[in-house]
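Peer 1:
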Amino acid sequence: MTGGSRGIGRSISLALASRGIKVAVNFVSDQSAAEEVVSEIRSKGGDGGIFRADVADESDVTEMVSRIESELGPIDLLITNAGIGAPTTHDDFDMPTFRKIMRVNVEGTIIPVMAVKDGMLSRGRGSIVCISSIAGLRSRPRMIAYSTSKAAVIGFVRNMAGALGPAVRVNGIAPGLIKTDMTESMDPKVLADMEEEAFVKRLGVPEDISGAALFLLSDDAGFISGQTFVVDGGRVTLP
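Read left to right, the sequence shown gives residues 74 to 312 (our numbering).
Rendered as structure tokens:
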């Protein structure tokens, strides 16, 4: 579980553990948050561990995968969630910011998938879920770099599903705005407007995403691959 210590990642980590799955919680900087997640997992009878790695660094990820498989066993499920964002318009667009966002959001998705795929293929089973965003499905002129990175993740999901099937299924989730510590600083009026735009008249919570992730990883979704599920309360409707 990359980016597994906070927000959506934390919720998915706990949900996986509740199903008896050993959870490898990846983090890059906030070790205490990762430790808290694993402590909660273990307090509820689950099993897991924390694993530091920069998911956009191939050697870091290779070493992390080796450690996970040594400590917890083969990796049959992967969720990529690590990501960053920053406002970028055409007026203030700069390549260093663009490269930083693409490195974490795109390379940080691709590298973990490439690191586990061969093991999954050799065992004849595996399921991968890549978290993107509805920003990858719509025009976001104030978040050009972030939106572009998430569109790339959605395209990667489609391509890898075709490449790794039938043994390995690859799907994605495009969340709308989800209530986390990152939304606490947002303008209350903006949040209220977003609630009103949603068909369900509320913002999302991390559990909305973890529920979708559990489904896509499970055998109940055995006939689903190459798809990105939009989980946004109806703010984005696609043909």
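Positions of the beta carbon are idealized from the N, C-alpha and C atoms, including for glycine.
What does the alpha-carbon distance come out to for the pair S212 and G156?
Peer 2: Near 19 Å, if we compare the C-alpha coordinates of G156 and S212.
Peer 1: Within 10 angstroms of its Cβ, does N99 collect 16 or more other Cβ (buried), or is it exposed?
Peer 2: It is buried - the Cβ of N99 has at least 16 other Cβ atoms within 10 Å.
Peer 1: In the DSSP assignment, find the beta strand (DSSP E) that holds F302 and state where it starts and stops.
Peer 2: T301 to V304 is the span of the beta strand (DSSP E), which, as asked, contains F302.
Peer 1: Are there 16 or more other CB atoms within 10 angstroms of the CB of P248, so buried, or fewer, so exposed?
Peer 2: It is buried - the Cβ of P248 has at least 16 other Cβ atoms within 10 Å.
Peer 1: Can you tell me where the beta strand (DSSP E) with I174 in it begins and where it stops?
Peer 2: Taken as a continuous stretch (DSSP letters only), I174 belongs to no beta strand (DSSP E), being part of the alpha helix (DSSP H) at M168 to M175.
Peer 1: When burial is assigned at 16 or more other CB atoms within 10 Å of the CB, is D164 buried or exposed?
Peer 2: The residue is exposed, with fewer than 16 neighbouring Cβ atoms inside 10 Å.
Peer 1: What alpha helix (DSSP H) runs, 4 residues minimum, are completely inside the region 90-126?
Peer 2: You should have 104-116.
Peer 1: May I ask which residues mark the beginning and end of the beta strand (DSSP E) holding P279?
Peer 2: First-last for P279: P279 to L290, but that is the alpha helix (DSSP H), not the beta strand (DSSP E).
Peer 1: Could you check the C-alpha separation between D130 and V202 for me, to the nearest Å?
Peer 2: Cα to Cα, D130 sits roughly 20 Å from V202.
Peer 1: Pick from G118, S78 and T161: whose alpha carbon is nearest that of F124?
Peer 2: Checked all of G118, S78 and T161; the closest Cα to F124 is S78.
Peer 1: By alpha-carbon positions, which one of L145, A271, P185 and D149 ends up nearest to D292?
Peer 2: Of L145, A271, P185 and D149, the residue nearest in Cα terms is D149.
Peer 1: Indicate the three-state DSSP secondary structure (helix, strand or coil) for E248 in the structure shown.
Peer 2: In the sequence as displayed, the identity of residue 248 is Pro instead of Glu. Reduced to three states, the DSSP call for P248 is strand.
Peer 1: Over what stretch of residues does the alpha helix (DSSP H) that includes T182 continue unbroken?
Peer 2: G181 to R196 is the extent of the alpha helix (DSSP H) around T182.
Peer 1: Within 8 Å, do at least three Cβ pairs link the region 270-277 to the region 230-244?
Peer 2: Contact fails: fewer than three Cβ-Cβ distances are below 8 Å.
Peer 1: For the putative contact between I246 and V304, defined by C-beta atoms under 8 Å, what is the C-beta separation to the nearest angstrom?
Peer 2: The pair is a contact, with the Cβ atoms about 6 Å apart (cut-off 8 Å).
Peer 1: Identify the continuous alpha helix (DSSP H) that holds T221 and give its terminal residues.
Peer 2: Note, T221: alpha helix (DSSP H), I217 to L237.
Peer 1: Could you check where the alpha helix (DSSP H) with I55 kicks off and where it finishes?
Peer 2: No information on residue 55 is available, as it lies outside the stretch 74 to 312 that the chain covers here.
Peer 1: If you follow the alpha helix (DSSP H) that L264 is in, where does it begin and where does it stop?
Peer 2: Taken as a continuous stretch (DSSP letters only), the alpha helix (DSSP H) holding L264 covers P261 to E270.
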